[in-house]
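There are 2 protein chains.
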Amino acid sequence: MFTVKTPEEAFSVIETEFHPFIPAETVPVSACCGRILAEDIISSEYVPGFTRSTVDGYAVKASDTFGCSDSIPALLTLSGEILMGEEAAAALSAGCCFSVPTGGAVPEGADAVVMIEYTEDYGDGTIGVEKPASPGLNIIYKGDDLVPGKTVLPAGRRITASDIGALASLGITGVSVIKRPQIGIISTGDELVPIDQVPAGGQIRDVNTHMLDALCREMGAGTRIYGIVRDDAVLLSGILEKAISECDMVLISGGSSVGARDAAAAVIEKHGSILFHGIAMKPGKPTILGKAGNRPVFGLPGHPVAAFFITKLFVRHAIAALTGEKYTVRTAPAVLTEALSTNHGRSETLGVRLSERDGRLFAEPVHTKSGLISALAGTDGYITIPRDCEGLPAGAEVNVSFYAAC
Amino acid sequence: MFTVKTPEEAFSVIETEFHPFIPAETVPVSACCGRILAEDIISSEYVPGFTRSTVDGYAVKASDTFGCSDSIPALLTLSGEILMGEEAAAALSAGCCFSVPTGGAVPEGADAVVMIEYTEDYGDGTIGVEKPASPGLNIIYKGDDLVPGKTVLPAGRRITASDIGALASLGITGVSVIKRPQIGIISTGDELVPIDQVPAGGQIRDVNTHMLDALCREMGAGTRIYGIVRDDAVLLSGILEKAISECDMVLISGGSSVGARDAAAAVIEKHGSILFHGIAMKPGKPTILGKAGNRPVFGLPGHPVAAFFITKLFVRHAIAALTGEKYTVRTAPAVLTEALSTNHGRSETLGVRLSERDGRLFAEPVHTKSGLISALAGTDGYITIPRDCEGLPAGAEVNVSFYAAC
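Top line first, the protein sequences correspond to chains A and B.
In terms of our numbering, the first sequence opens at residue 1 and continues consecutively.
In terms of our numbering, the second sequence opens at residue 1001 and continues consecutively.
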């Protein structure tokens, strides 16, 4: 019978049983956003590579400005103009200054830049400085930001746009990332027809292939679609064998009736071993996790909402196990807009619509009786009610996981 | 001089000045995730399309089971087996039942399904029902989830994987979405060299082209890269004219020194009008927003961190204005790990690294002196300190916006 795991146990089984085996590849920096870093990014250079000014002004020796004021300016000899992208022709001598633009190179010998607003150009080669500068003022020193050997981004990080600047500034044009795990998607069920067909009586469209395809790709995986397979153990076994040989992970959805469920389990067992059969959560209890070699094979419920959440939670975790990705599901507190009843020993995950009023986030649980599709469509995230929870009143605080950040 | 706006005023200018003009296109359902819906998705069908069982069991008339028990089962005549994907050959008569699988069609005349666990098959064509069923038990009625005319997803929504199931179940194979806005990216500065070159003294690599490219695409736009343009008003004017004619929005980054800044403003004004010059925030104060026809033209600071946050906040808002996207930046409370000093009248946005301990989220602000790159690399989100804030102590609660949901 079922070897039912709690969700925590199921996560733990995934971590124990599956390990990174997907090789790295080098992609251009323009294509690396959202990919998983295969190795630490370590600075090989100083950033900035030269000492720079942060303002438009005059590079000076700070000591030459001590004690100056509006009424008694420090008078400095203008040694020249430093242009953007160029170095000073000579070092700065005492009693002198160079004009320097924002981002321009500060010459050797200067230790401060006085903003142009606090100076006066007398037009005769003399600059008056009307405010004393302390050493280091308005200067970014070479290596202030990065020095050779510093770890900038760790292996296992999913690269965001905010990381790309560091790669570009270090001159990294190709980035070593983990290849996208390839996930095979199989739908089973005699009642299924392709989505472009009008279902006859008793038939339904194959929702899961399309939803799981989008979800897996949203999670950074590649997908391979095997289409609809009848409830036939021989057929399913053949397709599964092919999928295991072509993919890094396989999802079989459907087979939710007892006979079909047993057939899916038997077919998974034929090609590997069953790690568990059943997760104590709602929806998604009849989930199977098997292992074929080093590859996860999920038997997902046919119900789209159940298949969605099992994929969002557990297939997500398996992707991270295969790629070495370090990830955290971010949550935010929200106010529940209506009461939720008890769970009878199973944790329950359900989609929510979010709204904001007076700076507070409100979560409206979407739980239709059937919950075929409307329990997902138009939702912004999900909440999980723990299995020991005796129900929640309207107004209770819940933690929402967002589907997208913006 | 500068027409400086508060961030709120800048958002408001964007909403007032820019409006959707980007046309729709039809993409396959497999390619619509992350795109903006051009029109409401309205159900044209019943979902489910027939009345279904949610369990493996027997479809019955509930009234035939009233009063039955383990010791006195209700005895029903088995009229037949309903297979997955098929309809019952006949309606259910009183005193009879059909076996039905999970997801199978419930025959005309039945109003409940008794789970197989509560029945016994006597093998002679008689089924004993040991637990009374109430009408509606274990049944999803036709149209329970969706009925024709119901709005399933609103125009302006960014489609998530959780929405795809609804599209698939309605048989929608092509989805009308707003074309990706094309954003032209221009970097200016005599000090810039392409990232694959080793900068000579006084030069730096062109970080912004690559970072803004990734960020704009992460926000759902397409990009067109115009490369590095010298600080030359004639050259810049020519490139800007070309970019305006080829793109829906243009970003010019750089020109942070006074002379170059004025040149950028003049060139933008030559091709349209300046809406504001300066946002009272840190970093990013010297931001310019112009309008060329119905197209936004941003003059972004050259400093990568400033360019990043102005794009994340204001270019994001302009993308939404052009596409009609309805979006909300989600935030979550976190505990500040160290004190932040006062702002002197400007709101301040800075990147944070996130960690979780004991179920609480901690935000470590990343503020190096120079903040060229390390203020972004490896961060997980950002916080904004309001301009009227007199500094925050370590342990204060701040609201974090995440870069990515997982």
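Don't be surprised by glycine CBs; every beta carbon is placed ideally from N, CA and C.
No experiment lies behind these values; they were computed from the predicted model shown.
Check                                                                                                                              : Outcome
Rounded separation between Asp1040 of chain B and Val1175 of chain B - CA only                                                     : 10 Å
Val400 of chain A, DSSP secondary structure in three states                                                                        : strand
Selected residue, minimal CA-CA separation from Gly302 of chain A, among A:Pro286, A:Tyr141, A:Ala233                              : A:Pro286
Ile1022 of chain B vs Leu1289 of chain B beta-carbon contact at 9 Å                                                                : no
Contact set between the stretch 1283 to 1303 of chain B and chain A, restricted to residues whose Cβ is under 7 Å from the partner : Gly1302
Through-space distance from Glu1087 of chain B to Leu235 of chain A, alpha-carbon basis                                            : 24 Å
Spatial distance of Leu1167 of chain B from Ile385 of chain A (CA atoms)                                                           : 28 Å
Given Glu348 of chain A as reference, the closest of A:Leu392, A:Glu120, A:Phe50 once Cα atoms are compared                        : A:Leu392
Within chain A, the residues that Met1249 of chain B reaches when beta carbons sit closer than 8 Å                                 : Simply none; closest approach about 17 Å.
CB contact check: Leu167 of chain A to chain B, cutoff 9 Å                                                                         : yes
Enclosing alpha helix (DSSP H) for Val983 of chain B [first to last residue]                                                       : Nothing about residue 983 of chain B can be reported from this structure: the residues present for chain B run from 1001 to 1406 only.
Per-residue DSSP class, three states only, for Pro296 of chain A                                                                   : strand
Exposure label - Thr1469 of chain B; buried when at least 16 CB within 10 Å                                                        : Here chain B has residues from 1001 to 1406 only, and residue 1469 of chain B is not among them.
Reduced DSSP category for Arg387 of chain A - H, G, I as helix; E, B as strand; rest coil                                          : coil
Under 9 Å between C-beta atoms of Tyr1118 of chain B and Glu1130 of chain B                                                        : yes
Every unbroken alpha helix (DSSP H) within the stretch 344 to 374 of chain A, with a cutoff of 4 residues, ordered by chain        : none
For Ser1079 of chain B, the first and last residue of its enclosing beta strand (DSSP E)                                           : 1074 to 1081
Anticipated Cβ contact below 8 Å, Gly1128 of chain B with Thr1077 of chain B, distance rounded                                     : In fact, because the Cβ distance is near 11 Å, the residues do not count as touching under 8 Å.
Contact under 9 Å by Cβ, Leu1313 of chain B with Pro1020 of chain B                                                                : no
Closest by C-alpha distance to Leu1350 of chain B, when choosing among B:Ile1373, B:Glu1338, B:Tyr1382                             : B:Tyr1382
Under the three-state DSSP convention, the category Phe1098 of chain B falls into                                                  : strand
Coarse secondary structure for Tyr118 of chain A, derived from DSSP in three states                                                : helix
Continuous alpha helix (DSSP H) stretch holding Gly238 of chain A: start and end                                                   : 233 to 246
Inside the stretch 157 to 181 of chain A only - beta strand (DSSP E) runs reaching at least 3 residues                             : 174 to 178
Alpha-carbon to alpha-carbon, Pro1283 of chain B and Phe1309 of chain B                                                            : 8 Å
Ile36 of chain A - partner residues in DSSP beta bridges                                                                           : A:Arg158
Of the listed residues A:Thr51, A:Gly67, A:Val147, A:Cys68, nearest to Gly104 of chain A (C-alpha basis)                           : A:Thr51
Below-9 Å beta-carbon distance, Gln182 of chain A vs any chain B residue                                                           : no
Contacting residues, own chain, Cβ-Cβ under 7 Å from Ile274 of chain A (five flanking each side not counted)                       : Ala265, Ile268, Ile288, Gly290
Contact with chain B by Met281 of chain A, beta-carbon distance below 9 Å                                                          : no
Cross-chain neighbours of Gly351 of chain A in chain B, by beta carbon under 7 Å                                                   : Ser1162
Contact check, Ile252 of chain A vs Val297 of chain A, beta carbons under 9 Å                                                      : yes
Within chain A, partners of Thr1051 of chain B - CB distance below 8 Å                                                             : In chain order: nothing, as chain A lies at least about 10 Å away.
Range covered by the beta strand (DSSP E) that runs through Ala59 of chain A                                                       : 57 to 60
Cβ-Cβ separation, Phe1098 of chain B to Ala1110 of chain B (assumed contact under 8 Å), whole Å                                    : 7 Å
Any chain B beta carbon closer than 9 Å to Phe308 of chain A                                                                       : yes
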